[in-house]
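> Let me begin by handing over the structure; questions about it come next.
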Amino acid sequence: MSRMIYMDNNATTRVAPEVVEVITPFFSEYYGNPSSMHTFGGTVGRKITEAREKTAALINANPEEIIFTSCGTESDSTAIWAALKANPQKRHIVTTRVEHPAVKNLCEHLEKTGYRVSWVPVDRKGRLDIDFLYDSLTDDTAIVSVMWANNESGVIFPAEQIARAAAERGIVFHTDAVQAVGKVPVDVKASPVNMLSLSGHKIHAPKGVAALYVKKGTKFSPFLIGGHQEKGRRGGTENVASIVGLGRAAELVATHLQDGTDRVRRLRDKLEAGILENIPNTLLNGDPDMRLPNTVSVSFEYVEGEAILLMMDQLGICASSGSACTSGTLEPSHVLRAMGVPFTAAHGSVRLSLSMYTTEQEVDFVIRELPPIIERLRRMSPFWKGASCNLQ
Ligand code: PLP
Numbered sequence: 001m002s003r004m005i006y007m008d009n010n011a012t013t014r015v016a017p018e019v020v021e022v023i024t025p026f027f028s029e030y031y032g033n034p035s036s037m038h039t040f041g042g043t044v045g046r047k048i049t050e051a052r053e054k055t056a057a058l059i060n061a062n063p064e065e066i067i068f069t070s071c072g073t074e075s076d077s078t079a080i081w082a083a084l085k086a087n088p089q090k091r092h093i094v095t096t097r098v099e100h101p102a103v104k105n106l107c108e109h110l111e112k113t114g115y116r117v118s119w120v121p122v123d124r125k126g127r128l129d130i131d132f133l134y135d136s137l138t139d140d141t142a143i144v145s146v147m148w149a150n151n152e153s154g155v156i157f158p159a160e161q162i163a164r165a166a167a168e169r170g171i172v173f174h175t176d177a178v179q180a181v182g183k184v185p186v187d188v189k190a191s192p193v194n195m196l197s198l199s200g201h202k203i204h205a206p207k208g209v210a211a212l213y214v215k216k217g218t219k220f221s222p223f224l225i226g227g228h229q230e231k232g233r234r235g236g237t238e239n240v241a242s243i244v245g246l247g248r249a250a251e252l253v254a255t256h257l258q259d260g261t262d263r264v265r266r267l268r269d270k271l272e273a274g275i276l277e278n279i280p281n282t283l284l285n286g287d288p289d290m291r292l293p294n295t296v297s298v299s300f301e302y303v304e305g306e307a308i309l310l311m312m313d314q315l316g317i318c319a320s321s322g323s324a325c326t327s328g329t330l331e332p333s334h335v336l337r338a339m340g341v342p343f344t345a346a347h348g349s350v351r352l353s354l355s356m357y358t359t360e361q362e363v364d365f366v367i368r369e370l371p372p373i374i375e376r377l378r379r380m381s382p383f384w385k386g387a388s389c390n391l392q
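With the working numbering, the residue at position 106 of the sequence shown is 106, and numbering never jumps.
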């Protein structure tokens, strides 16, 4: 491929070369089963132990509190099912209107099977209605599951504060921190978070590996029942290469967390300012003060997000739109709808998400190329003409 500017890091990230280097021998040399009794298998098992220590260190957990899974979705499902099984008499779940489908669709499914779900709303800036959340907690609540940071708007939620409120009522708290880990400091010892999900492919490890943190003392039952792997908490032969890769990636992002984040934030701010200053009728989605440092979500009035993405794609720029395919039609995502992004703008939403590999030149390129794209599309839009008349 010729030029490629990758600004879709909330969807997935490039596997770091340092990670590729450490995982490669596991496809050729170290193919032993970590559960085998022989020395060959034992060597592989020790690599998993090291990866567990590194992954735990990233969130200040104890290694035995980390369970490796196949994806963030599995971690989320495992956490929610485990809490429900641990409290079979409780029939109420508290979550938010803006969770990733990994939590949202499971909770909708549970609602259909008889659980009561309180869906905490967000405001126009994507901030949680925290009073609604507190008022929702009852003696019947089995679990509160609130994401640490939103994948679309980038808004960061007060997960630690919510964990404390849940703990005071003896309620299990789970957080989907898939977008937060590696981008902002996450310390599971700073608050009584019971369970936390993270995913490898969002932090420069391969796809198909993730982890669930389960605080010592939290009642747990496995989602995948099988062999004795992961101390019986997740059956199935380990995805060794990817687990080793997750450990290395955890180490890398931990080292870069401060400077890397500052650099990414500066580039994101430059990109955001360049877009907002040069393109009229553009709305910023998400609380500017409490956002992931790598994410910018904007809505361009009177244009279609998909058309913008196609034109960006022709220039080699990868980004995401804020639409989701619902019953065969493209609709603004549940997150943008929950935030009340006006109809005229919601369809023209685009999310750009940066990483430690994003360069200043790439940011400058997007700042230069995006305004003419929007202008061209608006010229073709009958709604835009009306809008310019109104504006004059
Ligand atoms: N939770 C959030 C907030 C996400 O952004 C994602 C992936 O986009 C997931 C969960 C699911 O993670 P995975 O793709 O590893 O299943």
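Virtual Cβ for every residue (Gly too), placed ideally from N, Cα, C.
Note that the coordinates shown come from a computational prediction; the quantities given were computed from them, not determined experimentally.
Compare the Cα-Cα distances from leucine 283 to each of Asp289, Phe40, Met195 and Val296 and report the closest residue.
Among Asp289, Phe40, Met195 and Val296, the Cα nearest to that of leucine 283 belongs to Val296.
> Grouping DSSP H, G and I as helix and E and B as strand, with all else coil, what is tryptophan 384?
Here tryptophan 384 sits in helix by DSSP.
> Determine the direct distance from the alpha carbon of proline 206 to that of proline 288, and round the result to whole angstroms.
Roughly 31 Å separates the two Cα atoms.
> Mind checking who arginine 116 pairs with in its DSSP beta bridge?
His92
> Compute the Euclidean distance between the alpha carbons of isoleucine 374 and lysine 104, then round it to the nearest angstrom.
32 Å
> Cβ of leucine 352 within 8 Å of Cβ of alanine 319?
yes
> Which parts of the segment 54 to 108 are runs of the beta strand (DSSP E), unbroken and 3 residues or longer, counting only runs that do not cross its ends?
You should have 66 to 69 and 92 to 96.
> If you scan the segment 112 to 170 from start to end, which runs of the beta strand (DSSP E) of 3 or more residues do you find wholly inside it?
116 to 120 and 141 to 145
> If you drop the 5 nearest sequence neighbours on each side, which residues of the same chain put their C-beta closer than 6 Å to that of arginine 52?
Pro63 and Ile66
> Out of Leu257, Arg234 and Gly170, point me to the one whose CA is closest to isoleucine 203's CA.
Leu257
> Just to check my reading of the structure: arginine 14 and tyrosine 357 have Cβ atoms closer than 8 Å, yes? What is that Cβ distance to the nearest angstrom?
Correct: roughly 6 Å between the Cβ atoms.
> Please name the residue in Arg164, Phe40 and Lys183 whose C-alpha comes closest to that of histidine 174.
Arg164
> Buried or exposed: which applies to leucine 377, given that a residue is buried once 16 or more other Cβ atoms fall within 10 Å of its Cβ?
buried
> Around the Cβ of leucine 370, are there at least 16 other Cβ atoms within 10 angstroms (buried) or fewer (exposed)?
With 16 or more other CB atoms across the displayed protein chains lying within 10 angstroms of its CB, leucine 370 is buried.
> Do glycine 340 and glycine 305 have their beta-carbon atoms positioned less than 8 Å apart in this structure?
no
> If you reduce the DSSP assignment to three classes, tell me which class serine 403 lands in.
Since the first residue of the chain shown is 1 and the last is 392, residue 403 is not available in this structure.
> Would you tell me roughly how many angstroms separate the C-alpha atoms of glycine 208 and valine 22, rounded to the nearest one?
16 Å
> I'd like the list of long-range same chain contacts for phenylalanine 365, defined as Cβ closer than 7 Å, with 5 residues on each side in sequence excluded.
Ile5
> Distance check for glycine 154 and glutamate 272, CA to CA, integer angstroms please.
13 Å
> Excluding the five sequence neighbours on either side, which residues of its own chain have a C-beta within less than 6 Å of the C-beta of lysine 54, listed in chain order?
Gly247, Ala250 and Glu251
> Buried or exposed: where does aspartate 176 fall if 16 or more other Cβ atoms within 10 Å of its Cβ makes it buried?
buried
> Just to confirm my understanding: we take aspartate 76, look at its own chain, exclude 5 residues before and 5 after, and list those with CB closer than 6 Å. What are they?
Ala102, Val103, Asp176 and Ser197
> Rounded to a whole number of angstroms, what is the C-alpha to C-alpha distance between aspartate 8 and leucine 354?
7 Å
> Assuming alanine 338 is part of the alpha helix (DSSP H), what are its boundary residues?
334 to 338
> Quick one: does the C-beta of aspartate 287 sit closer than 7 Å to a heavy atom of the ligand PLP?
no
> Tell me, please, whether the segment 140 to 153 touches the segment 88 to 103 by the rule of three or more beta-carbon pairs shorter than 8 Å.
yes
> With 8 Å set as the bound, which would you pick, yes or no: does the beta-carbon of serine 77 sit closer than that to a beta-carbon of chain D?
This model lacks chain D altogether; it includes just one protein chain.
> Do proline 34 and valine 350 have their beta-carbon atoms positioned less than 8 Å apart in this structure?
In this structure, proline 34 does not lie closer than 8 Å to valine 350 by Cβ.
> Using 8 Å for Cβ pairs, my map puts glutamate 360 next to leucine 212. What's the rounded Cβ distance?
37 Å between Cβ atoms; not a contact.
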